[in-house]
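**Student:** Would you mind keeping the following structure in view while I ask a few things?
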Amino acid sequence: MFTMTRAMEQALFQHFMHQKLGIAYAIHKPFPFFEGLLDNSIITKRMYLESLEACRNLIPVSRVVHNILTQLERTFNLSLLVTLFSQINLREYPNLVTIYRSFKRVGASYERQSRDTPILLEVPTGLAEGSSLHTPLALPPPQPPQPSCSPCAPRVSEPGTSSQQSDEILSESPSPSDPVLPLPALIQEGRSTSVTNDKLTSKMNAEEDSEEMPSLLTSTV
């Protein structure tokens, strides 16, 4: 009748609870309802005999059926519905047809929901190729728009390029037009330049003093 799942079984059980009184009133005679429950092992032999005895004692059949259905709530499964809505029962108890159709609508509704709900699957990276195990794939959240790059933004040189240029500069050989002086010669050259500058400064100071002396003498006289 249905492809049973845990969610569908729970939904059918809740519908069974709501329709239990209607089912009891739809069964207006013991045979063949009690015999069908016994033959399919839905009730025990003892429950079957007690139910028949209650009917002989003029207890309404609908009340006896309701008591049976109440006890079957603890062991509810799909086989109970299959036996309850068998072709024989639907023919002998015509009022069951409407209730049977309501159960079919509940089952069809759950099958349609499970068929219309898409599930994205992905293969875990740790599994070998060809494995049948799948896990749900979470959809990524929407990303905000990225700002456009400014055309005049400075370009940053790559670290590898600057280091390569430094190596090329260090590896270049000096030009023949620029002779390389040894370190002592550079030191001596620096000293001689300093001495020459000192002598030039002393000579200029002496000339200025000699020019100022006559003016001072003239002013004194």
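Using UniProt numbering, the first residue of the sequence shown is number 1, and each one after it goes up by one. The beta carbon of each residue, even a glycine, is placed where N, CA and C say it ideally should be.
1) Helix, strand or coil for Asn77 per DSSP?
2) Could you compute how far the alpha carbon of Leu137 sits from the alpha carbon of Gln113?
3) In three-state terms, what does DSSP make of Thr5?
4) Who are the Cβ neighbours of Thr193 in its own chain at under 8 Å, not counting the five residues just before and after it?
5) From what residue to what residue does the alpha helix (DSSP H) around residue 253 run?
6) Assuming Ser62 is part of the alpha helix (DSSP H), what are its boundary residues?
7) Would Phe33 pass as a contact of Val82 if the rule is Cβ separation under 9 Å?
8) Give the single residue among His18, Lys20, Ser51 whose Cα lies nearest to the Cα of Leu37.
9) Taking its Cβ as the centre, do 16 or more other Cβ atoms sit within 10 Å of Ala108, making it buried, or is it exposed?
10) Please classify Phe85: is it buried, with 16 or more other beta-carbons within 10 angstroms of its beta-carbon, or exposed?
11) Tell whether a beta-carbon distance below 9 Å holds between Phe16 and Glu73.
**Tutor:** From the atom records:
1) Taken through DSSP and simplified to helix, strand or coil, Asn77 comes out as coil.
2) No answer about Leu137 holds up, because its pLDDT of 47 lies below 50 and its placement is not dependable.
3) In this structure, DSSP gives Thr5 a state outside helix and strand, which the three-state scheme calls coil.
4) For Thr193, the predicted model reports a pLDDT of 46, less than 50, meaning its position is unreliable; a value from the coordinates is still stated below. No residues qualify anywhere along the chain.
5) This structure does not reach residue 253, given that the chain is present from 1 up to 221, and the question cannot be answered.
6) Under the DSSP assignment, Ser62 falls in the alpha helix (DSSP H) whose first and last residues are 61-71.
7) No, these two residues do not count as a Cβ contact at 9 Å.
8) It is Ser51 whose Cα lies nearest to the Cα of Leu37.
9) By the C-beta density criterion, Ala108 is exposed, having fewer than 16 other C-beta atoms within 10 angstroms.
10) Of the residues assessed, Phe85 falls on the buried side of the cut-off, its CB having 16 or more other CB atoms within 10 angstroms.
11) Yes. Within cutoff.
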